[in-house]
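Enquirer: Here you go, one structure.
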Amino acid sequence: GQQVMQIPQYQHVQEGEDFTTYCNSSTTLSNIQWYKQRPGGHPVFLIQLVKSGEVKKQKRLTFQFGEAKKNSSLHITATQTTDVGTYFCAARSNYQLIWGAGTKLIIKP
Amino acid sequence: DSGVTQTPKHLITATGQRVTLRCSPRSGDLSVYWYQQSLDQGLQFLIQYYNGEERAKGNILERFSAQQFPDLHSELNLSSLELGDSALYFCASSQGGLETQPQHFGDGTRLSIL
């Protein structure tokens, strides 16, 4: 079945550094969603990308959908402690969302 | 507050037992999804219901079953529990049956098997 590979599994950054997580698929995706799960919390919907090459911004977060619609990325500029959590991508396939394994953002003390 | 209500918040039971987890979706949402999340792991999709009918099935064990009632609330039944079933179980809801719509998650039920 379709899989969505998400990397890296963990990323440790100093506060103020940038963070990027990537999702890749071997097949063309019709859309991709991004969610954030804070420690001890539940996933919260961030954004959905639909169009080839689409770029969307939410303050310090930039979301991209690849031209071939096989990959997507989430970039956070100048991380803050409030960004800590696990970021998941999820893509549509046959009436369900296929979830990436998530990237855990850890801010070094 | 996502508007999705899950009960109970915590459940502690023993191997071999059976439990029922309950979910009330956001007002107006017709789809309910169930997920399992083991410690520090990703989300494992179990099953989706749309307006009372099963719509999609993921990696749900035969010991697990679910249903969605006419009032749209849903229950996930877990039987013959094993230690490995200890996990956080999330329910999510969305407006329609389309997987392109955002899912709104409840706070989860933490199940501990002793």
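Heads up: the protein sequence lines correspond to chains E and G, in order.
Residue 44 in my numbering sits at position 44 of the first sequence, with consecutive numbering throughout.
Counting the second sequence from 1 gives a position; my numbering is that position plus 1000.
Glycine included, every Cβ here is placed at the ideal spot set by N, Cα and C.
Keep in mind it's a predicted model, so treat the numbers as computed, not measured.
Do the segment 88-108 of chain E and the segment 1035-1054 of chain G make contact, defined as three or more Cβ pairs closer than 8 Å?
Expert: At 8 Å Cβ cutoff, the stretches touch.
Enquirer: What three-state label does DSSP hand residue 1043 of chain G in the structure shown?
Expert: Note: residue 1043 of chain G maps to coil in three-state DSSP.
Enquirer: Tell me whether the segment 63-83 of chain E and the segment 25-38 of chain E touch, counting them as touching only if at least three CB pairs, one residue from each stretch, are closer than 8 Å.
Expert: Contact between the segment 63-83 of chain E and the segment 25-38 of chain E is present, because at least three Cβ pairs lie under 8 Å.
Enquirer: Is there a Cβ from chain G that is less than 7 Å from the Cβ of residue 43 of chain E?
Expert: Yes, contact with chain G.
Enquirer: Within 7 Å of any Cβ in chain G, is that where the Cβ of residue 96 of chain E sits?
Expert: So, interface residue.
Enquirer: Can we say the segment 81-88 of chain E touches the segment 1020-1027 of chain G, given the rule of at least three CB pairs closer than 8 Å?
Expert: They do not touch, by the three-pair rule.
Enquirer: Is it buried or exposed, residue 1064 of chain G, if we count other Cβ atoms within 10 angstroms and call 16 or more buried?
Expert: Residue 1064 of chain G should be labelled buried.
Enquirer: Take the Cβ of residue 52 of chain E as the centre, count every other Cβ of all protein chains shown within 10 Å, and call the residue buried at 16 or more, exposed below.
Expert: With fewer than 16 Cβ atoms within 10 Å of its Cβ, residue 52 of chain E is classed as exposed.
Enquirer: Determine, using beta carbons only, whether residue 40 of chain E comes closer than 7 Å to chain C.
Expert: This model lacks chain C altogether; the protein chains it does include are E and G.
Enquirer: In angstroms with no decimal places, state the Cα-to-Cα distance between residue 54 of chain E and residue 1017 of chain G.
Expert: Straight-line Cα distance between these residues: approximately 49 Å.
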